[in-house]
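Novice: Numbering (the working numbering), first residue to last: 145 to 217.
Note that CB positions come from ideal geometry on N, CA and C, so glycine has one too.
1. Within 10 angstroms of its Cβ, does residue 195 collect 16 or more other Cβ (buried), or is it exposed?
2. How is residue 216 classed by DSSP in three states: helix, strand or coil?
3. On a CA-only basis, which of 190, 217, 215 and 200 is nearest residue 167? Give me that one, please.
4. Near residue 171, what residues of its chain come up, given a Cβ to Cβ distance below 6 Å and the 5 sequence neighbours on each side ignored?
5. Looking at C-alpha atoms only, which residue of 198, 202, 190 and 177 is the closest neighbour of residue 145?
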């Protein structure tokens, strides 16, 4: 499931994201953050981290540099 999830994120990044244009307020982008989190912490924890990050990505948030942490807390 982890590999399938990472492939779906890569599909989104390569095909869909470019059609929508740049919208993410963070670096790395929310999709890259989620992919890294899934790769580092597994599908369950990484997905939760990705959803939390996407929920913070809105017009009222300044955004900025927000890397995946080394440890899951």
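Specialist: Result, derived from the coordinates:
1. exposed
2. coil
3. Selected option, being the one with the closest Cα: 200.
4. 209
5. 190
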